[in-house]
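With the numbering used here applied, the sequence shown has no gaps in its numbers, which climb one by one up to 222 at the end. Heads up, the beta-carbon is just placed ideally off N, CA and C, and yes, glycines get one too. To start, the structure itself, in structure tokens.
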Amino acid sequence: MIGRIAGRIVYHGEDHVLIDVQGVGYVVYCSDRVRAGLPGAGEATALFTDLLVREDLLQLFGFPTLVEKEWFRLLLSVQGVGAKAALAILGTLGPDGVSRALALGDWAAIKAARGIGPKTAQRVVNELKDKAPAIMAMGVVEPADTPAPEVIEVGPATAAPAPKPAAPRRSSAQAEALSALGNLGYGPSEAASAVAEAAGADPEADTASLIRAALKLLAPKG
Numbered sequence: 001m002i003g004r005i006a007g008r009i010v011y012h013g014e015d016h017v018l019i020d021v022q023g024v025g026y027v028v029y030c031s032d033r034v035r036a037g038l039p040g041a042g043e044a045t046a047l048f049t050d051l052l053v054r055e056d057l058l059q060l061f062g063f064p065t066l067v068e069k070e071w072f073r074l075l076l077s078v079q080g081v082g083a084k085a086a087l088a089i090l091g092t093l094g095p096d097g098v099s100r101a102l103a104l105g106d107w108a109a110i111k112a113a114r115g116i117g118p119k120t121a122q123r124v125v126n127e128l129k130d131k132a133p134a135i136m137a138m139g140v141v142e143p144a145d146t147p148a149p150e151v152i153e154v155g156p157a158t159a160a161p162a163p164k165p166a167a168p169r170r171s172s173a174q175a176e177a178l179s180a181l182g183n184l185g186y187g188p189s190e191a192a193s194a195v196a197e198a199a200g201a202d203p204e205a206d207t208a209s210l211i212r213a214a215l216k217l218l219a220p221k222g
């Protein structure tokens, strides 16, 4: 399994980029949003990847963070959602938007992705809403678009120049708020829904603000 590649972009295609890694070119499929954020031809980049294997086809899909990669894998677990549909959903909403849509049961947001019909959108929400908190709690890692040694990371490191230290992992405010609510005894689903609603109302809120807003939403009414 190829879990991450780092190299230099050769060119941008309509739905992919070609990345040169020590003389070997890898076609990596990405959403429109991810491709738009990548540097131009000749510049260094790195992406977390997921390799899909079919009888007659191998396809490599790229993501700037591990969290986005995990959302892609989770979306693929839904019946009727293939790689193209999963990329469309992530490309339209981004990982934070997907987590909010699932936590709030907002299938209309999922339907906004190109090629996603109402039945598929409802199936995505129904099947994944209880699984969303686990990925939300992963937090966010540093984007992988900084220059890096041109190596393929597949299990043990291959012989290559000494790699740069990995960027430290840091939790997002949403993940920290979700963890705090869990420690207070709230269930994963209700905590995720409240945090998602609070984050939607104030996308720039820090952890403490999200916790306060989520607690207000969770407070008994009346």
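- Residue state for I9 is assigned as strand, using DSSP reduced to three classes.
- Counting only the Cα atoms, L104 lies some 5 Å from S193.
- The stretch 176-191 makes no contact with the stretch 74-91; the number of CB pairs closer than 8 Å stays below 3.
- In terms of Cα proximity to I19, the closest of K131, P39, D202 is P39.
- Less than 9 Å separates the beta-carbon of L93 from that of A113.
- The bridge partners DSSP lists for R54 are L57.
- The beta-carbon separation of A41 and V10, rounded to 6 Å, stays under the 8 Å limit for a contact.
- DSSP places I116 outside any alpha helix (DSSP H), giving it a letter other than H or E.
- Counting only unbroken stretches of 3 or more residues, the beta strand (DSSP E) elements lying wholly within the stretch 32-114 are 44-54, 57-63, in sequence order.
- Under the DSSP assignment, L178 falls in the alpha helix (DSSP H) whose first and last residues are 173-183.
- DSSP, read as helix, strand or coil, puts G23 in coil.
- For I135, the enclosing alpha helix (DSSP H) starts and ends at 132-136.
- Counting C-beta pairs with one atom in each stretch, the stretch 24-38 and the stretch 55-64 have three or more that are closer than 8 Å, which means they touch.
- Assignment of beta-bridge partners to L215 by DSSP yields no partner.
- Nearest in C-alpha terms to R33, of all of L51, H12, E204, is H12.
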